[in-house]
Amino acid sequence: MSLRHALLGLLEDGPASGYALSTRFDRSLRRFAWSARQSHIYPELNRMAADGLIEVTDEGARGRRTYALTEAGRIELHDWLLSEPKPRAIRDERVLRMMLLSALTPDEARAQLERYLTEAEHLAAELRELAALADADTTHPRHGLRYGRLALEHGIYQADAQVQWAHWALHQLHHADNPAPAADQPTP
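Mapping of the sequence shown onto the UniProt record's numbering: residues 1 to 188, in sequence order.
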């Protein structure tokens with residue numbers, strides 16, 4: 001996925017300013033799909049306009065521009081959505097840290113897992129709040145099923161899986177620290 005395609009997708013809902021796109025990025029994509037800073041969004045919007053994928057439909061007093069998707073932008077988004085995704089480069093610092101927990105004391109490892117659990121619980125709650133807001137939004141340009149809502153639900157499932165995994169990992173750590181007596185251990 002590229003920033004370009006994410007912006008085209010956001011503009012599919014209707015014209016928006018760079019600021020509005022940045023805000024929507026933070027609310028809808030940042031936590032579970034794609035992150036981008038405002039400093040990346042504005043130059044990309046300029047490149048997209050130069051490439052004819054979007055057009056400036058309004059320019060305000062302080063240089064605030066409103067962008068809209070062009071037919072070429074719709075075609076680009078459509079073609080990208082139908083193309084095969086590139087293989088994912090997996091780079092998850094949290095998972096890497098979990099793989100290396102043996103370098104810590106059991107108490108330090110437990111603290112890291114508890115922090116991971118808390119973060120996952122907060123993320124799940126935040127995404128559920130966003131889902132409730134999306135479900136209550138009657139002003140969305142596309143009524144009925146909104147595919148962004150499907151992506152949001154994907155994020156909720158992932159966060160719930162992280163919570164479940166963290167509970168499991170803490171349980172494993174507890175049993176590693178407190179092995180059952182020899183008589184209670186199953187025989188091979």
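Virtual Cβ for every residue (Gly too), placed ideally from N, Cα, C.
Residue i burial status per 10 Å Cβ neighbour count (16 or more: buried)
| i | result |
| --- | --- |
| residue 19 | exposed |
| residue 166 | buried |
| residue 99 | exposed |
| residue 45 | buried |
| residue 96 | exposed |
| residue 81 | exposed |
Beta-bridge pairing of residue i - partner residues as DSSP gives them
| i | result |
| --- | --- |
| residue 69 | 54 |
| residue 59 | 65 |
Collapsed DSSP secondary structure at residue i in the structure displayed
| i | result |
| --- | --- |
| residue 2 | coil |
| residue 16 | strand |
| residue 129 | helix |
| residue 84 | coil |
| residue 176 | helix |
| residue 208 | Missing from the structure shown is residue 208; the chain here goes from 1 to 188 and no further. |
Presumed contact (8 Å Cβ cut-off) between residue i and residue j, rounded CB distance
| i | j | result |
| --- | --- | --- |
| residue 54 | residue 67 | 5 Å |
| residue 73 | residue 21 | Actually they are not in contact, since the Cβ atoms of residue 73 and residue 21 sit about 13 Å apart, beyond 8 Å. |
| residue 104 | residue 169 | Contact flag wrong, Cβ pair sits at about 13 Å. |
| residue 48 | residue 4 | 6 Å |
Contact with chain D by residue i, beta-carbon distance below 7 Å
| i | result |
| --- | --- |
| residue 37 | As a matter of chain content, chain D is missing from the structure shown, which is built from one protein chain. |
Any non-hydrogen atom of the ligand ADP within 6 Å of residue i CB
| i | result |
| --- | --- |
| residue 98 | No copy of the ligand ADP occurs in the structure displayed, which carries no ligand at all. |
Segment contact flag, the region 159 to 171 with the region 115 to 134, C-beta cutoff 8 Å, min 3 pairs: At 8 Å Cβ cutoff, the stretches touch.
Does the count of Cβ pairs from the region 128 to 138 and the region 80 to 98 closer than 8 Å reach three? Taking a cut-off of 8 Å for Cβ pairs, the region 128 to 138 and the region 80 to 98 do not touch, as fewer than three such pairs fall below it.
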